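A quick write-up on the structure given underneath.
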Amino acid sequence: MVRPHPAVWKVMHGLFVLYLLFLVFLLCQETNDARSVLQFLSLDLGVELPERAYGEDCRIHTPEDPDSRFRVLRDTVFDEFFVGHILGWYGKAIALRNMKLLWAYSVLFELMELTFQHWLRNFNECWWDSWVLDVAFCNFIGIHFGMMTVRYMEGRMYDWTGTGKKKRRRGLADRIKPFLAVFTPKTWDTYSWSPTSSPLRFLQCAFVIILCLVFELNAFFLKYVLWIPPPHVLNHIRLALWFGMANVATREYYVFITSRQGMALTKMGANAWLTIAVALVEIMITIKHGRGMFEAPWPTHVLVFWFIFLVCTAVWLVRWQLQLRTLPKRE
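Using UniProt numbering, read the sequence shown as starting at 1 and increasing by one per residue.
Here it is, written out as structure tokens:
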């Protein structure tokens, strides 16, 4: 990636490496010491967070409330996560650039919230909050405008050399366009993931979705374990680092799985490996520093659902592969 400048992506890579080293440092500390380290960075940290459940009152109409007849809906819409949902899914659309993967990602994350709500109370949401406001509204808007940006960038042609015919410029806007163009992509690649082309490609795309879900869940678990409030600047810094690396890592992973030489003869890029390493270390931090915090047993219906889901998916993939083997080979 050469825009805005190769140095920018090298700096981003270096910052992500520093983030990985910082995570390893936290992993080697005791739980109280790890929280104290974060308190050294910001004095308002180091205090246990109050648990907040969004699904305690799922009524849309609250006529008895003196402030608003739609108090629950108002509080949900004006929550700090509402705008974050839209911006987050806009960024994810820029990174993945595939409608099928994005909607699978969106639905699966809501299922993840239902899966882990017995451990994290803020995952306990009303049905209309999860499936109407989050999926059908916020996620839809973010994905829609993100894919609009992707399609817009696909059709744009730039003369980055500046050696073409110079048009007569009139006004300030025409003068600053060449300068601003330097900060936009030089080229824009379309990702043809084709998750239904073969069982192998389905699993390769599923790995991307799983890694994205791990990134999402780590954000909530790390905040809960290390006592970091949701609006804190450290969460924003983490999201900015992940967004910058996600675009590069997704590109490298896509080239890896679609290379004509095959995966056996192609090396996956360093940025893709780095994102996997960071995700794994974040999981390890949650496991170590979250000892004793996640003792609630798994609900039976959750275990049954995921068991049936995984078995059906495995049977479907095996049957799909067997059907492909019985098809006549093209000469």
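Every residue, glycine too, gets a C-beta built ideally from N, C-alpha and C. In this text, all values refer to a predicted model and were calculated from it rather than measured experimentally.
Can you grab the Cα-Cα spacing for the pair residue 297 / residue 116, in whole Å?
Approximately 11 Å, taken between the alpha carbons.
To the nearest angstrom, report how far apart residue 216 and residue 47 are at their CA atoms.
The straight-line gap from Cα to Cα measures roughly 23 Å.
Count the other CB atoms, across all protein chains shown, that sit within 10 Å of the CB of residue 143; report buried if there are 16 or more and exposed otherwise.
Buried.
At 4 residues or longer, what runs of the alpha helix (DSSP H) sit wholly inside the stretch 221-283?
If we require 4 residues or more, the alpha helix (DSSP H) runs fully inside the stretch 221-283 come out as 233-258.
Report buried or exposed for residue 319, applying the criterion of at least 16 other Cβ atoms within 10 angstroms of its Cβ.
With fewer than 16 other Cβ atoms within 10 Å, it is exposed.
Roughly how many angstroms separate the alpha carbons of residue 92 and residue 102, rounded to a whole number?
Each residue's Cα considered, the two are about 8 Å apart.
Should residue 226 go down as buried or exposed, given a rule of 16 or more other Cβ atoms within 10 Å for buried?
Buried.
Which residue wins for smallest C-alpha separation from residue 106, given the options 277, 213 and 58?
Nearest C-alpha to residue 106: 213.
Classify residue 53 as helix, strand or coil using the three-state DSSP reduction.
Residue 53: coil per DSSP, three-state reduction.
Beta-carbon separation of residue 13 and residue 248 under 9 Å?
Yes; because the gap between Cβ atoms is below 9 Å, this pair is in contact.
In three-state terms, what does DSSP make of residue 293?
If DSSP states are grouped into helix, strand and coil, residue 293 belongs with coil.
Around the C-beta of residue 32, are 16 or more other C-beta atoms found within 10 angstroms, so that it is buried, or is it exposed?
Classification of residue 32: exposed, given that the 10 Å Cβ count is below 16.
Taking its Cβ as the centre, do 16 or more other Cβ atoms sit within 10 Å of residue 58, making it buried, or is it exposed?
Exposed, by the Cβ-count rule.
Rounding to the nearest angstrom, what Cα-Cα distance links residue 308 and residue 200 in this structure?
Spanning the two alpha carbons is a distance of roughly 21 Å.
Using DSSP with H/G/I as helix, E/B as strand and the rest coil, what is residue 74?
In the structure shown, residue 74 sits in a helix (DSSP, three-state: H, G or I).
Express the C-alpha separation of residue 261 and residue 40 in angstroms, rounding to a whole number.
So the alpha carbons of these two residues sit roughly 49 Å apart.
From the DSSP output, in three-state form, read off residue 299 for me.
If DSSP states are grouped into helix, strand and coil, residue 299 belongs with coil.
Is the beta carbon of residue 278 less than 9 Å from the beta carbon of residue 19?
Contact flag set, yes.
Touch check for the stretch 109-124 and the stretch 66-75: three-plus C-beta pairs under 8 Å?
Verdict: no, contact absent.
Around the C-beta of residue 289, are 16 or more other C-beta atoms found within 10 angstroms, so that it is buried, or is it exposed?
With 16 or more other Cβ atoms within 10 Å, it is buried.
Taking all protein chains shown into account, decide if residue 326 is buried (16 or more other Cβ within 10 angstroms of its Cβ) or exposed.
The residue is exposed, with fewer than 16 neighbouring Cβ atoms inside 10 Å.
With DSSP collapsed to three states, give me the class of residue 19.
Residue 19: helix per DSSP, three-state reduction.
Residue range of the alpha helix (DSSP H) that residue 133 falls in?
Run containing residue 133: none; DSSP gives neither H nor E here.
So residue 96 and residue 250 are supposed to be a Cβ contact under 8 Å. How far apart are they, rounded?
The Cβ separation is near 7 Å, so the contact holds.
Residue 272: beta carbon under 8 Å from a heavy atom of the ligand FAD?
Ligands in the displayed structure: none, and consequently the ligand FAD is not present.
Please say whether residue 54 and residue 126 have beta carbons closer to each other than 9 Å?
The answer is yes: Cβ separation under 9 Å.
Output the distance between the C-alpha atoms of residue 27 and residue 236, rounded to the nearest integer angstrom.
C-alpha separation (whole angstroms): 21 Å.
Along the chain, where does the alpha helix (DSSP H) that runs through residue 37 open and close?
Segment 31-41, the alpha helix (DSSP H) holding residue 37.
So, under 8 Å CB-CB, residue 222 and residue 285 are touching, yes? Tell me the CB distance rounded to an integer number of Å.
About 7 Å; that satisfies the 8 Å criterion.
State buried or exposed for residue 287, treating a residue as buried only when at least 16 other CB atoms are found within 10 Å of its CB.
Burial call: exposed.
Using the Cα positions of residue 259 and residue 204, report the straight-line distance between them to the nearest angstrom.
Cα-Cα distance, rounded: 13 Å.
Return helix, strand or coil for residue 80, following the three-state DSSP convention.
Helix at residue 80.
Do you know offhand how far residue 321's Cα is from residue 257's?
One C-alpha to the other measures close to 18 Å.
Just to confirm my understanding: we take residue 99, look at its own chain, exclude 5 residues before and 5 after, and list those with CB closer than 8 Å. What are they?
For residue 99, where only same-chain residues beyond five positions count, the Cβ hits under 8 Å are 143 and 147.
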